[in-house]
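What follows is one structure encoded as structure tokens, with my remarks underneath.
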Amino acid sequence: MTTTSNKPQTTTTTSASANGGNHLISSSGDRVPPIGGYQWPTDQTPGVMGLKNHGNTCFMNAVLQCLSHTDILAEYFVLDQYKADLKRRNKINSRKFGTKGELTEQLANVLKALWTCKNESDHSTSFKAVVDRYGSQFRSSTQHDAQEFLFWLLDKVHEDLNTATKRRYKSVKNNYGRPDE
1 MTTTSNKPQT
11 TTTTSASANG
21 GNHLISSSGD
31 RVPPIGGYQW
41 PTDQTPGVMG
51 LKNHGNTCFM
61 NAVLQCLSHT
71 DILAEYFVLD
81 QYKADLKRRN
91 KINSRKFGTK
101 GELTEQLANV
111 LKALWTCKNE
121 SDHSTSFKAV
131 VDRYGSQFRS
141 STQHDAQEFL
151 FWLLDKVHED
161 LNTATKRRYK
171 SVKNNYGRPD
181 E
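Quick note: the sequence shown uses full-length UniProt numbering, first residue 1, plus one each step.
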């Protein structure tokens with residue numbers, strides 16, 4: 001006996017419509033409205049844009065393009081779903097970890113710019129400035145490893161959005177009735 005889930009998927013892709021416009025649509029077929037009533041330019045495809053290179057930031061741009069095309073992440077940031085987590089995190093946790101939301105906000109701005117075809121150099125310049133502020137290893141104009149940057153970026157965004165509270169240690173008995181040692 002096989003069962004299927006009626007749960008809709010949240011995967012998003014771009015699709016050219018019959019009238020030549022482009023729309024962000026989920027794999028379930030639902031159209032995601034453009035941000036703020038923005039109309040997709042008919043001569044451009046959302047999400048298919050380059051980023052300005054600031055020195056040797058190819059490694060950074062490659063990571064941002066990959067994240068931009070990671071459906072669930074793009075949807076989370078482009079549709080501002082991250083803001084609720086950021087607000088909750090700032091209310092629950094102290095701001096001693098992460099970037100106080102700065103890097104997360106700049107990442108969201110870059111992803112929104114890519115998906116609204118409004119990519120201007122100030123988005124990537126602002127993102128690079130925040131990376132320089134919190135990631136001293138990426139300050140120079142030398143080439144870096146994209147995987148290293150990806151790990152660093154995801155760690156900082158995780159710290160910005162992490163809403164976990166400190167949990168108390170709870171002693172658990174093992175199978176023999178003895179306390180956990």
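Idealized CB from N, CA, C, for every residue including glycine.
Worksheet entry | Spatially closest choice to residue 159 from 62, 77, 104, by CA coordinates | Translated into the one-based positions of the sequence shown, residue 159 becomes position 159. Taking the Cα of residue 159 as reference, the smallest distance to any Cα among 62, 77, 104 is reached at 104.
Worksheet item: If you pair each beta-carbon of the segment 144 to 152 with each one of the segment 60 to 75, do three or more pairs fall below 8 angstroms?
Response: Verdict: yes, contact present.
Item to complete: With a 10 Å radius around its C-beta and 16 neighbouring C-beta atoms as the bar for buried, classify residue 154 as buried or exposed.
Response: Counted from its first residue, the sequence shown places residue 154 at position 154. Residue burial is scored here from C-beta neighbours: residue 154 has fewer than 16 other C-beta atoms within 10 angstroms and is therefore classed as exposed.
Worksheet item: If you draw a straight line from the alpha carbon of residue 164 to that of residue 125, how long is it in whole angstroms?
Response: Residue 164 sits at position 164 when you count from the first residue of the sequence shown. Residue 125 sits at position 125 when you count from the first residue of the sequence shown. When rounded, the distance between both Cα atoms is 32 angstroms.
Worksheet item: How do the segment 77 to 88 and the segment 105 to 112 stand: do at least 3 beta-carbon pairs fall below 8 angstroms, yes or no?
Response: Flag = yes, the segment 77 to 88 and the segment 105 to 112 touch.
Worksheet item: Taking C-beta to C-beta, are residue 161 and residue 86 nearer than 8 angstroms?
Response: The residue you call residue 161 lines up with position 161 of the sequence shown. The residue you call residue 86 lines up with position 86 of the sequence shown. Against a cut-off of 8 angstroms, the Cβ pair of residue 86 and residue 161 comes out as a contact.
Worksheet item: Between residue 139 and residue 131, what straight-line distance do the alpha-carbon atoms span, to the nearest angstrom?
Response: As a position in the sequence shown, residue 139 is number 139, starting the count at 1. As a position in the sequence shown, residue 131 is number 131, starting the count at 1. For residue 139 and residue 131, the gap between their C-alpha atoms comes out near 8 angstroms.
Worksheet entry | Nonlocal neighbours in the same chain, by C-beta distance under 7 angstroms from residue 76, ignoring five residues either side | Position 76 of the sequence shown, counted from the first residue, corresponds to residue 76. The answer, listed in chain order, is 82.
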